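See structure below.
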Amino acid sequence: MPVNTKRIRTLVKIGQKKGPVVYWMSRDQRVNDNWALLYAQELAQKHNCPLVVAFCLVSEFLGAVSRQYRFMLQGLKEVEKNLLDLNIPFFLLRGDPGKEMACFLSEMGAGALVSDFSPLRQSQQWKSAVAVQIEIPFYEVDAHNIIPCWFASQKQEWAAYSFRPKIHRLLSEFLDEFPALQKSQKSNSLFGNGVKENDWQAAKRSIRTDDDIDAFPDANRILPGEAAAIKLLINFLEHNLASYETKRNDPNKGGQSGLSPYLHFGQISSQRVAQEVLRSMKEAGAFLEELIVRKELSDNFCYYSRHYDDMQSFPAWARASLSEHEKDRREYLYTLQELERARTHDDLWNAASQEMLLTGKMHGYMRMYWAKKILEWTPSPAAALQAAIYLNDRYELDGRDPNGYVGIAWSLGGVHDRAWKERPIFGKVRYMSYNGAKSKFDVQAYINTWNSALELNTQRE
Ligand code: FAD
Ligand code: FO1
């Protein structure tokens, strides 16, 4: 069963040469349910040549530190093992992808290049740098969205209500079954006595460690990798999916799936998650809305709006309204350091930050409150946006993701939202309050949980 050609875009149009097909893995770091890997194998089989996978490790990526790199590298080691079981070599490159990938392809005598897809500018820049240096076909495959981003909509969508029908109309075509990846006959012949070992120790040494983050070892509780992701999904389907709608806005109830770090690093496919949810025959409308419409709307936003991490991407009504209120008096003002140390007057906000510091994953409801308060307590919307992105991308395992840029732009700048009753500082951007949170869940219980967890951690230090 060939990969649906609508999932594929040609970045370099030229005849395939002799030599291995290389899958340049980046966003979708998994062997199972990976349309980019499946397409690379399709090409290799059609041209009767070996299939090779390569990942290029950069030491700096949007503020990621040891916490996120540890999670990612652990997952990549599992990818290497799973590929080797299928006789498919995995190469871990290190350095600037524009240089290292081009050099790898010529060393390999590659006949074609396949990559996965990300709307973020770093990823797009890496690919353009490689595309101008190669004389082989280069295909980009959207392995992260169920509906390919460029196909779901040909323009920037301003709200979920206009995007949702486009998605729902296309689901029957794109929520199709994944073919199984075949065991490769060809690849090892390429290397005589097998592939040279990847130097995982050198990879670990190349990433920036960060002592004050490593002081919070709880983030390691979230086990990385494809197998752990599937286990978590099965657990969620059995225990939490049915009550997702009622529990998901109560951070004391742990009603969310917990899948975002795995989805962000591509260690599980959202299409796989959707298929298993539908197979469970449980009511899952609210969950699928988030997993499909909201998640794919974030890629749409980052793909069509080049300023996805800048106020220029806010709708005009929000930009105008925020600037009208920019000079409003702030009752509280905090520096980035005070925010980073979760030292404000608001114990609920501090607890949410503590959850993020300790575990690398703040509850979804609290993320909205957390970001909106940063708008209220910093000197300007621009300063708030910068602080929220910095903290989210530095401490969240699932950070550095289109969902994050959109989640923050929704909270601070009304992206995909409507105008609300005007008020100081926020203007017409939706406001959230401590009392609003109190009406939704037991705020004190949440505060106690994360205060004591932080104390425990400090005693351990
Ligand atoms: P579930 O509720 O179990 O959802 C399952 C999946 O659906 C999520 O993993 C995610 O892929 C998708 N999803 C859920 N809610 C949203 C949403 N609002 N927008 C887009 N996709 C969604 N998500 C990230 O992946 N990375 C981030 O850095 C991030 N930063 C955020 C910052 C702010 C200020 C806000 C308001 C939201 C942010 N989100 C981010 C979106 C959302 O909060 C998280 O995806 C969710 O909390 C992840 O936990 P979960 O997987 O247990 O969620
Ligand atoms: N992708 C890569 O190809 N190489 C990297 O070294 C790399 C590091 C990295 C660190 C943190 C993180 O959250 C993601 C990282 N990614 C890396 C993957 C990245 O998510 C994708 O490549 C997309 O560009 C983002 O959607």
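Everything in the sequence shown is counted per the numbering used here, starting at 568 for the first residue and increasing by one.
For every residue, glycine included, the Cβ atom is placed at its ideal position computed from N, Cα and C.
Everything numeric in this text was worked out from a predicted model, so none of it was measured.
Simplified DSSP state of residue i, which is helix, strand or coil
| i | result |
| --- | --- |
| S947 | coil |
| G761 | Residue placement at G761 is flagged as unreliable, the pLDDT there being 47, under the threshold of 50; the coordinate-derived value follows with that caveat. Coil. |
| F628 | coil |
| A908 | According to the sequence as given, residue 908 is Arg; it is not Ala. Correct three-state label for R908: coil. |
| R896 | coil |
| W725 | coil |
| G582 | coil |
| E707 | strand |
| V996 | coil |
| I575 | strand |
| P569 | coil |
| I713 | coil |
| V1010 | helix |
| R775 | coil |
| N1018 | helix |
| H735 | helix |
| R967 | coil |
| R1027 | helix |
| M935 | helix |
| L748 | coil |
| T926 | helix |
| S720 | coil |
| D960 | helix |
| G822 | coil |
Whole-angstrom C-beta distance between residue j and residue i, which should lie under 8 Å
| i | j | result |
| --- | --- | --- |
| M675 | V589 | 6 Å |
| R775 | S633 | 7 Å |
| A698 | N601 | Rounded, the Cβ-Cβ distance is 21 Å, inconsistent with contact. |
| I703 | K584 | 5 Å |
| E843 | L804 | 6 Å |
| D683 | V708 | 6 Å |
| W987 | V996 | 7 Å |
| L618 | L660 | Not confirmed; about 17 Å, so no contact. |
| E963 | K928 | 6 Å |
| L925 | F783 | 5 Å |
| P882 | G981 | 6 Å |
| L864 | H983 | 7 Å |
| D913 | Y998 | About 14 Å separates the two Cβ atoms, so there is no contact after all. |
| K1005 | D817 | Not a contact, Cβ separation roughly 12 Å. |
| L531 | A679 | The chain is shown from 568 up to 1028; residue 531 falls before or after that span and cannot be answered. |
| F705 | N571 | Not quite, the Cβ-Cβ distance comes to about 19 Å (not below 8 Å), so this is no contact. |
Proximity test, residue i beta-carbon vs the ligand ADP heavy atom, cut-off 7 Å
| i | result |
| --- | --- |
| N1024 | With respect to the ligand ADP, the structure offers nothing, as its ligand set consists of the ligand FAD and the ligand FO1. |
Terminal residues of the beta strand (DSSP E) in which residue i lies
| i | result |
| --- | --- |
| V860 | No beta strand (DSSP E) contains V860, which DSSP labels as neither H nor E. |
| S682 | A679 to D683 |
| L659 | F657 to R661 |
| Y590 | V588 to M592 |
Element boundaries [alpha helix (DSSP H), containing residue i]
| i | result |
| --- | --- |
| A887 | A883 to E891 |
| W987 | It is not in any alpha helix (DSSP H) - W987 carries neither H nor E in the DSSP assignment. |
| Y811 | Y811 to K814 |
| V699 | Per DSSP, V699 belongs to no alpha helix (DSSP H) and is neither H nor E. |
| S1006 | Y1001 to K1007 |
| V844 | S837 to R846 |
| H831 | S827 to H831 |
| N654 | Looking at the DSSP string, N654 is not in any alpha helix (DSSP H), and its letter there is neither H nor E. |
| G665 | P664 to M675 |
| I801 | E793 to H806 |
Chain B within 8 Å of residue i, Cβ atoms only
| i | result |
| --- | --- |
| L790 | Reference to chain B is not applicable here, since this structure consists of a single protein chain. |
*Who sits around the ligand FO1, taking every residue whose Cβ is closer than 7 Å to one of its heavy atoms?*
Any residue whose Cβ sits closer than 7 Å to a heavy atom of the ligand FO1 makes the list: S593, R594, F622, C623, L624, V625, F628, L629, A631, Q635, Y636, M639, P664, S685, L687, Q689, S690, H831, F832, G966, R967, D968 and P969.
*What runs of the alpha helix (DSSP H), each 4 residues or longer, lie entirely inside the segment 595-652?*
Fully enclosed alpha helix (DSSP H) runs of 4 or longer: 602-613 and 633-652.
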